[in-house]
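Under numbering that gives the first Met the number 0, the sequence shown has 382 at position 383, and the numbering climbs by one with no breaks. Below is one structure; the comments refer to it alone.
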Amino acid sequence: MAYYRQLGTVPPKRHIQHRDPDGNLYYEELMGEEGFSSDSSLLYHRGVPSAIVASEAWDLPDQTRTPNHPLKPRHLKLHTLFPSPDEGAADAVTGRRLVLGNNDVRLSYVVTGTVPSPYYRNAIGDECVYVESGSGTVETVFGVLPYRAGDYVLVPRATTHRWVPAEASRLYPIEANSHVHPPKRYLSRFGQLLEHAPYSERDLHGPGDVFLVEGTDVEVLVKHRVPGLPGGIGGTRMTYATHPFDVVGWDGCLYPYTFNIEDYMPITGKVHQPPPVHQVFEGWNFVVCNFLPRKVDYHPLSIPVPYYHSNVDSDEVMFYVGGDYEARKGSGIAIGSISLHPGGYAHGPQPSAIEASLGVESFDESAVMVDTFAPLELGEGGLAAEDPAYPWTWAGRRLGEGGEGGDGGPAVYSNS
């Protein structure tokens, strides 16, 4: 985070005695990034934060990945993975289904009921969870974060937390193997968001107060690095002697926060702007962008929908979350869809969408995009949600019945 916060009770100086009213010493924990050479926070616990009484293996949801080979664009219908949140509803952690991933980032999807998730800690990297719909709270060792539709929930690496939905929630977790932060070009050399940034510190909402919870023998699911397992990822169920949320105070620049897409100010231009103007976050070898309702290009001969473009260095993943996405009409793409356009493949609007966009003054569309600089593979959720007709839609065709590539030869696919 770019700025300092303090909640609860902390001593006047770092690393000195801090005691409760009865004279008992609080236990100080330094939580820091990059070998304590980057952002950090100091937390003060009633109990010993290292005191575990058990450690057992936790079997993660399926983490296997299948290469995108032969190379082709993909359309994944995420809403088909959880057709009814009321039937066998999942929790926000153990119910995640892997959609796409590589060694830098993993994209999952889950539809929750109202049952709280287990206590959870991702020790591999930061999590940036987009809330497609629903509301609730995320309880964390730093305090409580309310969430609502349109929020990005940013949870720093190794933050103990749990999700408590107030209603069924559709969540799109972006799990990094690194830290996730605002784009460097929008930050001053001291970390402040600059005037040309599409959002500011006023739009970032951290916990409002400490969240003090008592308890013993508390289980926490920990996702961590294990060479040799699928994706190099493993899980452990740790049992703590005292509750992790026994923090009486903390201060620093490292903590979870939310950012809602309503507070993002789209950057527009006289002609069509390239994707980087829509960037909201970045991690190691990937970026996160959002495409939102906005005025479009105002040159008299402008073409508002994107031009065809080749991802020569990256795979592009678009998650369609609202409105009517102008460039994809006729492709089968709808709210809840993901499109994957891999590096080495030129893509762009459906042919009929180009003429249809001429003279349009604004777009009512919302999408979350992740661009990765290493190839993405399909998880079991991605394979289960695939629409096999999508790759052929630019040619006005789809797979028919029988013949090469399917059960038949090509058949007409509408581009209108």
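Think of the CB as a built atom: it goes at the ideal place given N, C-alpha and C, for glycine as much as any other residue. Remember, it's a predicted structure, so these values are computed and weren't measured experimentally.
Annotated three-state conformation of Trp249 is strand, per DSSP. Distances from the alpha-carbon of Gly207 to those of Ser37, Val137, Glu379, Trp393 put Val137 closest. DSSP links Gly135 through a beta bridge to Tyr146, Pro164. Restricting attention to Val47, Glu213, Trp57, the CA atom closest to the CA of Gly234 is found in Trp57.
Here Met264 is exposed. Its C-beta has fewer than 16 other C-beta atoms within 10 Å. Sixteen is the threshold: when 16 or more other Cβ atoms of the shown chains lie within 10 Å of the Cβ of Val279, as they do, the residue is buried. In the three-state reduction of the DSSP assignment, Lys183 falls in the helix class. Taking 8 Å as the upper bound for CB-CB distance, Tyr319 and Gly331 are not in contact here, some 11 Å apart. Residue Asp323 holds the alpha-carbon nearest to the alpha-carbon of Ser365 among Ser351, Asp323, Leu375, Asp38. A contact between stretches requires three or more CB pairs, one per stretch, nearer than 8 Å, and the segment 97 to 106 fails this requirement with the segment 196 to 203. When secondary structure is reduced to three states using DSSP, Val130 falls in the strand class.
Glu261 counts as exposed, since fewer than 16 other beta carbons sit within 10 angstroms of its beta carbon. As the crow flies, the alpha-carbon of Pro273 is around 26 Å from that of Asn67.
Note: Lys12 is not bridge-paired with any residue in the DSSP secondary-structure output. Assigned with DSSP and collapsed to three states, Gly7 falls in strand. Beta-carbon to beta-carbon, Pro72 and Tyr344 are separated by about 6 Å, close enough to satisfy the 8 Å threshold. Of the other Cβ atoms in all chains shown, 16 or more fall within 10 Å of the Cβ of Pro305; this residue is therefore buried. Residues Gly46, Val47, Ala50, Ile51, Val52, Thr215, Asp216 of the same chain have their beta carbon placed closer than 8 Å to that of Ala240, with the five preceding and five following residues left out of the count.
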